[in-house]
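Engineer: What follows is a single structure, and I will ask about it in a moment.
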Amino acid sequence: MIPTLLGVAILVFLMLRVMGGDPVEVMLRGEGANVSQAVIEMERTRLGLDRPIYVQFAKWLGGMATGDFGVSMWTGHPVSQEIASRLQLSLQVAIMATILAVLISIPLGTLSALYKDTWIDNVIRLISIAGLAVPSFWLGMIIILLLLSYFHWHPPITFTPFFENPRENLSQLIWPALAVGYRYSAVATRMMRSTLLEVLQEDYIRTARAKGVFERVVVVRHALSNAMLPVVTVIGLEFAFLIGGLVVTEQVFNLNGLGKLFVQAVTRSDFTMVQALVLLVATFFIIVNFVIDLLYAWLDPRIRYR
Amino acid sequence: MMSAIPGIVEITYKVPQRRHPVLAFALQQPLGTAGLAVIVLMILAAVFAKWVAPHDPLTVDYSGILAPPSWNHLLGTDNFGRDVFSRIIYGSRTALAVGFLSSLIGSTLGAIIGVASAYFGGRTDMIIQRFMDIILAFPIIVLALAVVAVLGKNVVFGIDWNLIIAIGLPMVPKVARVVRSSALAVREMPYIDAARTAGFSHTRIIFRHIVPNVVAPYLIMLTAFVGQAILLEASLSFLGLGVTEPTPAWGLMLSGSAIDFYQQAPWMIVFPGLAISLAVFAFNLFGDSLRDWLDPRIKI
Numbered sequence: 007m008i009p010t011l012l013g014v015a016i017l018v019f020l021m022l023r024v025m026g027g028d029p030v031e032v033m034l035r036g037e038g039a040n041v042s043q044a045v046i047e048m049e050r051t052r053l054g055l056d057r058p059i060y061v062q063f064a065k066w067l068g069g070m071a072t073g074d075f076g077v078s079m080w081t082g083h084p085v086s087q088e089i090a091s092r093l094q095l096s097l098q099v100a101i102m103a104t105i106l107a108v109l110i111s112i113p114l115g116t117l118s119a120l121y122k123d124t125w126i127d128n129v130i131r132l133i134s135i136a137g138l139a140v141p142s143f144w145l146g147m148i149i150i151l152l153l154l155s156y157f158h159w160h161p162p163i164t165f166t167p168f169f170e171n172p173r174e175n176l177s178q179l180i181w182p183a184l185a186v187g188y189r190y191s192a193v194a195t196r197m198m199r200s201t202l203l204e205v206l207q208e209d210y211i212r213t214a215r216a217k218g219v220f221e222r223v224v225v226v227r228h229a230l231s232n233a234m235l236p237v238v239t240v241i242g243l244e245f246a247f248l249i250g251g252l253v254v255t256e257q258v259f260n261l262n263g264l265g266k267l268f269v270q271a272v273t274r275s276d277f278t279m280v281q282a283l284v285l286l287v288a289t290f291f292i293i294v295n296f297v298i299d300l301l302y303a304w305l306d307p308r309i310r311y312r
Numbered sequence: 007m008m009s010a011i012p013g014i015v016e017i018t019y020k021v022p023q024r025r026h027p028v029l030a031f032a033l034q035q036p037l038g039t040a041g042l043a044v045i046v047l048m049i050l051a052a053v054f055a056k057w058v059a060p061h062d063p064l065t066v067d068y069s070g071i072l073a074p075p076s077w078n079h080l081l082g083t084d085n086f087g088r089d090v091f092s093r094i095i096y097g098s099r100t101a102l103a104v105g106f107l108s109s110l111i112g113s114t115l116g117a118i119i120g121v122a123s124a125y126f127g128g129r130t131d132m133i134i135q136r137f138m139d140i141i142l143a144f145p146i147i148v149l150a151l152a153v154v155a156v157l158g159k160n161v162v163f164g165i166d167w168n169l170i171i172a173i174g175l176p177m178v179p180k181v182a183r184v185v186r187s188s189a190l191a192v193r194e195m196p197y198i199d200a201a202r203t204a205g206f207s208h209t210r211i212i213f214r215h216i217v218p219n220v221v222a223p224y225l226i227m228l229t230a231f232v233g234q235a236i237l238l239e240a241s242l243s244f245l246g247l248g249v250t251e252p253t254p255a256w257g258l259m260l261s262g263s264a265i266d267f268y269q270q271a272p273w274m275i276v277f278p279g280l281a282i283s284l285a286v287f288a289f290n291l292f293g294d295s296l297r298d299w300l301d302p303r304i305k306i
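Chains A and B are the protein sequences, given in the same order.
For the record, in the first sequence the residue sitting at position 61 is 67 according to our numbering, with numbers rising by one throughout.
For the record, in the second sequence the residue sitting at position 300 is 306 according to our numbering, with numbers rising by one throughout.
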């Protein structure tokens, strides 16, 4: 866990410093402004960019150890503060998309497997393959287009936190969650179908049927519970990657979340912000992986005893 | 000869007829064949764009902006009066070029790393795998964005090669993993030991004995990633960090001012998105069928 994170940190840091653009140039000369070299040098000194790379790296790493992620090179506010103010929104969309995906994918995947090669299966498979092909940002645009022409709904300019006005908040975030969640549910549906099909071939399913267990019980208790493992993995991994889907979707719905922050940081060569965000996402991914391992042990007793 | 012995009836054994592999694929995988047909059509449209497209994709016509679909402009015009249908046709060039090149580069690099990792094993394998883990810890688009941020633009022959690297790089660890596991199984085969005993060089063993056995997973991953690469290119262009104006590209047609014309000109938004979806859908269908046909155990 720690070595991978350290690797991510070193990689991001080196890539940005060695090959990346110059944040000072972008900030002061980006609009074609005539700024003297002396001012550029002063700004560079102020941001600590004139010091050797290993000194900068040590300072950054040392800061993180004490919970200090540095100051944004663009706004001058602490990075942790900028991230914290947007985390709630992105996390909420991610969680809503996950709930949607679970609610859609598990029943659909099960139906698809139980009615294999019938029209039900074919329709569900087509829907889920399409889900992998439709860009989430375009789906978001289409959703807005439909809402606009039928309900005269427009994406609000300001974000309403959940605890201020839950109804307003949900009606605002359900659409981006749906746009991201469709692809997510497609991945999970396919996994649900293929693992359930595999499990239904197992001997213990034949045994259960032979001893006269109700088909419903066979499916729910014997087959589904055993087919859940890979589905849980996929749902977990996709959750970790959801931030990627949010990068573009937030742009469409005009949501000021982590994805938008990331795109801004990239276009502005805001080194400290990019570093912090990448590291945050990587940490999140690694933690999710760890949680999946724990869930595995809980879902499959064989792993605990091994 | 045998039938000469009395009491033994000669059994006639009919050798099953071997179909041409392409025909066999078409019969067994109708959906994949449909995907392939769409891909071939797209390639034809891209190559012969000059003749397929009714208008020039770059000609600005301020007298006919935001025109609805008509016989002259099949899919309408955009806010500069450019023909949407022609831009979509020319956009397929960008999508296919970026899609094929980036997945070819990404998968090939991944395959080389995977084979090397499996063949040399031990510490080399461990270091390579840790490095791959690091790259895998990034969401694809975040990694691509980071690479774009770091490398900037580098246009040669009208193609932004840094964009291709940005899109191809996230595929490397995935292909490396799958190829490595296939190569590991091959490495334990007796004929590899035989080749080693015969004193062949590493290069010869790798290229003559291991590589031919990992071609199937390589091809499967390659086709599967073309669709994803097209999707990723569209997303990056949409964010303004991929292909830039005036090059016609599907993602680019949806970005920027397109959002402001939702109500006046929905065709500006609907059709480029349909083009992206159809292209990715076709590659996914074909990739899936190819997997089922060549090696169903591989998880893309």
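Glycine included, each C-beta is placed from N, C-alpha and C at the ideal position.
Does DSSP classify Pro141(A) as helix, strand or coil?
Structural biologist: Position 135 of the first sequence holds residue 141(A). Three-state DSSP puts Pro141(A) in coil, outside helix and strand.
Engineer: Any chance you could list the alpha helix (DSSP H) runs of at least 4 consecutive residues sitting entirely within the stretch 244 to 300 of chain B, in chain order?
Structural biologist: The stretch 244 to 300 of chain B contains these whole alpha helix (DSSP H) runs: 256 to 260 and 273 to 300.
Engineer: Residues bridged to Thr83(B) by DSSP?
Structural biologist: In the second sequence, counting from the first residue as 1, residue 83(B) sits at position 77. Paired residue(s): Asp89(B).
Engineer: Put Asp209(A) into one of helix, strand or coil per three-state DSSP.
Structural biologist: Numbered from 1 along the first sequence, position 203 holds the residue referred to as residue 209(A). Of the three classes helix, strand and coil, the one that applies to Asp209(A) here is helix, per DSSP.
Engineer: What residues from chain B crowd round Leu17(A), counting only those whose CB sits closer than 7 Å?
Structural biologist: As a position in the first sequence, residue 17(A) is number 11, starting the count at 1. Simply Ile140.
Engineer: Whose C-beta lies closer than 6 Å to the C-beta of Pro63(B) among residues of the same chain, with five residues either side of it excluded?
Structural biologist: The residue given as residue 63(B) occupies position 57 in the second sequence. Counting only Cβ-Cβ distances below 6 Å, and skipping sequence neighbours, we find Ser92, Arg93, Tyr96 and Pro254.
Engineer: When burial is assigned at 16 or more other CB atoms within 10 Å of the CB, is Thr51(A) buried or exposed?
Structural biologist: Indexing the first sequence from 1 puts residue 51(A) at position 45. With fewer than 16 Cβ atoms within 10 Å of its Cβ, Thr51(A) is classed as exposed.
Engineer: State the Cα-Cα distance for the pair Thr124(A) and Asn290(B), rounded to the nearest angstrom.
Structural biologist: Stepping through the first sequence from its first residue, residue 124(A) is reached at position 118. Stepping through the second sequence from its first residue, residue 290(B) is reached at position 284. Those two C-alpha atoms are separated by around 21 Å.
Engineer: If the cut-off is 9 Å on Cβ atoms, which residues from the stretch 223 to 235 of chain B count as contacting chain A, listed in chain order?
Structural biologist: Residues Gly233 and Gln234.
Engineer: Given a cut-off of 8 Å on the beta-carbon distance, is the pair Tyr188(A) and Val140(A) in contact?
Structural biologist: If you number the first sequence from 1, residue 188(A) lands on position 182. If you number the first sequence from 1, residue 140(A) lands on position 134. Going by C-beta atoms, Tyr188(A) is nearer than 8 Å to Val140(A).
Engineer: Smallest Cα separation from Ala103(A): which of Leu184(A), Ser78(A) and Arg92(A)?
Structural biologist: The residue you call residue 103(A) lines up with position 97 of the first sequence. Closest by alpha carbon: Leu184(A).
Engineer: Quick one: using the 10 Å Cβ neighbour count with 16 as the cut-off for buried, is Gly205(B) buried or exposed?
Structural biologist: As a working note, residue 205(B) is residue 199 in the second sequence. Classification for Gly205(B): exposed.
Engineer: Are Ile249(A) and Ser96(A) closer than 8 Å when you measure CB to CB?
Structural biologist: For the purposes of this step, residue 249(A) is taken as residue 243 along the first sequence, with counting starting at 1. For the purposes of this step, residue 96(A) is taken as residue 90 along the first sequence, with counting starting at 1. Cβ atoms of Ile249(A) and Ser96(A): closer than 8 Å.
Engineer: Determine whether the beta carbon atoms of Val217(B) and Val121(B) lie at a separation below 8 Å.
Structural biologist: Here residue 217(B) refers to the residue found at position 211 when the second sequence is read from its first residue. Here residue 121(B) refers to the residue found at position 115 when the second sequence is read from its first residue. A contact, by the Cβ cut-off of 8 Å.
Engineer: Three or more beta-carbon pairs under 8 Å between the stretch 109 to 126 of chain B and the stretch 221 to 232 of chain B, yes or no?
Structural biologist: Cβ pair count under 8 Å is three or more, so yes.
Engineer: By how many angstroms is the C-alpha of Asn175(A) removed from the C-alpha of Pro167(A)?
Structural biologist: The sequence position of residue 167(A) within the first sequence is 161, counting from 1. The sequence position of residue 175(A) within the first sequence is 169, counting from 1. Approximately 6 Å, taken between the alpha carbons.
Engineer: Using a 10 Å radius around the Cβ and a threshold of 16 neighbouring Cβ atoms, would you call Lys266(A) buried or exposed?
Structural biologist: Position 260 of the first sequence holds residue 266(A). Under this definition Lys266(A) is a buried residue.
Engineer: So Val297(A) packs on Gly242(A), CB below 8 Å; how close in whole Å?
Structural biologist: Within the first sequence, residue 297(A) is the residue found at index 291, counting from 1. Within the first sequence, residue 242(A) is the residue found at index 236, counting from 1. Confirmed, about 7 Å.
Engineer: Is it right to say Gln178(A) is buried, meaning 16 or more other beta carbons lie within 10 angstroms of its own, or is it exposed?
Structural biologist: Taking the first residue of the first sequence as 1, we reach residue 178(A) at position 172. The residue in question, Gln178(A), is buried, as its Cβ has 16 or more Cβ neighbours within 10 Å.
Engineer: Run the CB neighbour count on Met7(B), radius 10 Å, all protein chains shown included, and call it buried at 16 or more, exposed below.
Structural biologist: Walking along the second sequence from the start, residue 7(B) turns up at place 1. Because Met7(B) sits at a pLDDT of 49, beneath the cut-off of 50, its placement in the model cannot be relied upon, and the following sentence gives the value as read from the coordinates. Exposed.
Engineer: Tell me whether Gly127(B) is buried or exposed, calling it buried when 16 or more other Cβ atoms sit within 10 Å of its Cβ.
Structural biologist: Position 121 of the second sequence, counting from 1, holds the residue named residue 127(B). Looking at its Cβ environment, which holds fewer than 16 other Cβ atoms inside 10 Å, Gly127(B) is exposed.
Engineer: Helix, strand or coil for His158(A)? Go by DSSP, reduced to three states.
Structural biologist: By one-based count along the first sequence, residue 158(A) stands at place 152. DSSP places His158(A) in coil when its eight states are reduced to three.
Engineer: So is Arg136(B) in contact with chain A if we call contact Cβ pairs under 8 Å?
Structural biologist: Residue mapping note: residue 136(B) aligns to position 130 of the second sequence, counting from 1. Yes, because at least one Cβ of chain A sits closer than 8 Å to the Cβ of Arg136(B).
Engineer: Taking 8 Å as the threshold (C-beta atoms), are Val104(B) and Leu169(B) in contact?
Structural biologist: Taking the first residue of the second sequence as 1, we reach residue 169(B) at position 163. Taking the first residue of the second sequence as 1, we reach residue 104(B) at position 98. Cβ distance < 8 Å, so Leu169(B) and Val104(B) count as in contact.
Engineer: Should Ile126(A) be flagged as near chain B, meaning a C-beta pair shorter than 8 Å?
Structural biologist: Sequence index remark: in the first sequence, residue 126(A) carries index 120 (1-based). So, not an interface residue.
Engineer: With a cut-off of 8 Å, do at least 3 Cβ pairs link the stretch 253 to 270 of chain A to the stretch 140 to 149 of chain A?
Structural biologist: Result yes; three or more Cβ-Cβ pairs closer than 8 Å.
Engineer: Using DSSP with H/G/I as helix, E/B as strand and the rest coil, what is His26(B)?
Structural biologist: Mapped onto the second sequence, residue 26(B) falls at position 20. Coil at His26(B), not helix or strand.
Engineer: Considering only residues of the same chain and omitting the five flanking positions on each side of Ala288(A), which have a CB-CB separation below 6 Å?
Structural biologist: To locate residue 288(A), count along the first sequence from 1; it is residue 282. Around Ala288(A): Val14.
Engineer: If you run the structure through DSSP and keep just helix, strand and coil, what is Phe63(A)?
Structural biologist: For the purposes of this step, residue 63(A) is taken as the residue at position 57 of the first sequence. Residue state, collapsed to three classes: helix.
Engineer: With Ala150(B) and Ala172(B) assumed to form a contact (beta carbons below 8 Å), what rounded beta-carbon distance in angstroms separates them?
Structural biologist: To locate residue 150(B), count along the second sequence from 1; it is residue 144. To locate residue 172(B), count along the second sequence from 1; it is residue 166. About 4 Å separates the two Cβ atoms, so the contact holds.
Engineer: Taking just the CA atoms, how far does Ala235(B) sit from Arg227(A)?
Structural biologist: Along the first sequence, read from residue 1 onward, the residue named residue 227(A) stands at position 221. Along the second sequence, read from residue 1 onward, the residue named residue 235(B) stands at position 229. One C-alpha to the other measures close to 40 Å.
Engineer: Pull up the CB-CB distance for Trp256(B) and Ile282(B), whole angstroms please, since I reckon it's below 8 Å.
Structural biologist: Counting from one through the second sequence, the residue named residue 256(B) turns up at place 250. Counting from one through the second sequence, the residue named residue 282(B) turns up at place 276. About 5 Å; that satisfies the 8 Å criterion.
Engineer: So, under 8 Å CB-CB, Arg88(B) and Val66(B) are touching, yes? Tell me the CB distance rounded to an integer number of Å.
Structural biologist: By one-based count along the second sequence, residue 88(B) stands at place 82. By one-based count along the second sequence, residue 66(B) stands at place 60. Sure, about 6 Å apart at Cβ, within 8 Å.
Engineer: Over the uninterrupted alpha helix (DSSP H) stretch that includes Ser187(B), give me the two end residues.
Structural biologist: Against the second sequence, residue 187(B) aligns to sequence position 181. Residues Met177 to Arg193.
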